[in-house]
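Reviewing the structure listed below.
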Amino acid sequence: MSCNIISLSIVIFCLVLVYQGGIDNTALYWTFPFPLVLFAMLGYLYGSITNGIVFVSLLLMLNNQELLIAHYSDIEVIRFLSSFFVVNILSFINEYFREHSHSAMTDINITKEQQANTDILTNLPNRRFIDAVFIPASKANVPNRFPMVLIMGDVDYFKSFNDNYGHQTGDLILEKLARTMEQSIRDEDIVSRVGGEEFLIFFSNTDYDTGMKIAEKMRSAVSGMRLKHETKELKITMSFGVAIAHSYNEIDSKLKEADEKLYQAKNAGRNCVC
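Under this note's numbering, the first residue of the sequence shown carries the number 9, and numbering increases by one thereafter.
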């Protein structure tokens with residue numbers, strides 16, 4: 009709103025200046041910066057419309073000088089209108105490419121931000137997303153986040169898959185795990201890859217019992233996975249540690265608790281939810 013008021017003030021000032029003539033009848037020379045200012049304030053689209061109105065208004069005024077206080081010679085009017093038109097065209101070109109360049113840079117930055125926050129292999133959110141985006145957003149969105157169930161998951165015996173069948177097989181396992189876990193959770197839940205074979209899952213606005221049921225559903229879905237490697241059929245399982253945070257300030261301590269419970273699940277024989 010303030011930008012529109014300032015722009016309108018500039019337009020009025022420009023027209024009044026030409027109407028009165030200014031000091032020593034030099035008003036026409038002082039109008040040349042106005043198109044660039046209006047384009048910069050309004051953008052190339054609305055700047056074009058506003059500057060077009062100004063140009064037409066000046067054209068009418070200078071061709072009906074009997075209505076003006078100032079008086080300009082015919083050659084002065086022709087030179088001014090020609091120059092003013094060229095300034096408008098150059099200002100339009102400058103603002104048009106500036107806006108498109110800015111828009112392109114914004115798209116590039118968004119893409120880079122998405123890439124920086126996404127695990128390339130699994131296409132899941134990564135640890136940076138959790139630390140820089142999700143957790144800070146939870147502080148500002150408390151009613152829709154808490155209580156929050158936090159789950160640490162780890163692939164059982166993952167090193168043996170890499171050692172016995174190669175890293176390509178290990179990568180395939182992680183990709184398939186990511187899709188399986190995504191299918192086992194709700195739309196509002198978050199599953200992320202935070203380490204080599206470690207996953208961190210968040211169930212927002214969820215009580216502990218519901219979180220445990222979803223975690224068990226996810227464990228069961230993973231346990232049912234099968235991956236063929238040459239003549240062998242590989243079975244993959246995961247262990248999970250579950251904790252619940254009732255407020256934003258509990259997140260760090262509950263993440264540690266979930267990690268501790270994950271190790272308890274490992275010690276309890278793996279392929280279980282602790």
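Positions of the beta carbon are idealized from the N, C-alpha and C atoms, including for glycine.
Predicted, not measured: the structure shown is a model, and the values here were computed from it.
Alpha helix (DSSP H) segment containing residue i, residue limits
i           : result
residue 260 : 259–275
residue 76  : Run containing residue 76: none; DSSP gives neither H nor E here.
residue 152 : 150–153
residue 230 : 216–231
Assigned secondary structure, residue i (DSSP; H/G/I helix, E/B strand, else coil)
i           : result
residue 118 : Confidence in residue 118 is poor, its pLDDT being 43 and thus under 50, which makes the residue's placement too unreliable to answer from.
residue 278 : coil
residue 69  : helix
residue 254 : coil
residue 162 : strand
residue 206 : strand
residue 133 : strand
residue 99  : helix
residue 172 : helix
residue 211 : strand
Supposed close pair residue i, residue j - CB separation, criterion 8 angstroms
i           : j           : result
residue 248 : residue 202 : With a Cβ gap of about 14 angstroms, residue 248 and residue 202 do not count as contacting.
residue 22  : residue 42  : 5 angstroms
residue 209 : residue 159 : 4 angstroms
residue 192 : residue 156 : The Cβ separation is near 18 angstroms, so there is no contact.
Contact check, residue i vs residue j, beta carbons under 8 angstroms
i           : j           : result
residue 259 : residue 266 : no
residue 291 : residue 199 : A query on residue 291 cannot be resolved here, the shown segment of the chain reaching from 9 to 282 and no further.
residue 242 : residue 169 : yes
residue 206 : residue 182 : no
residue 77  : residue 37  : no
Start and end residues, beta strand (DSSP E) containing residue i
i           : result
residue 200 : 198–201
residue 238 : Run containing residue 238: none; DSSP gives neither H nor E here.
Self-check item: Contact between the stretch 236–250 and the stretch 134–146 (3+ Cβ pairs under 8 angstroms)
Solution: no
Self-check item: Contact the stretch 44–58 vs the stretch 71–80: 3+ CB pairs below 8 angstroms
Solution: no
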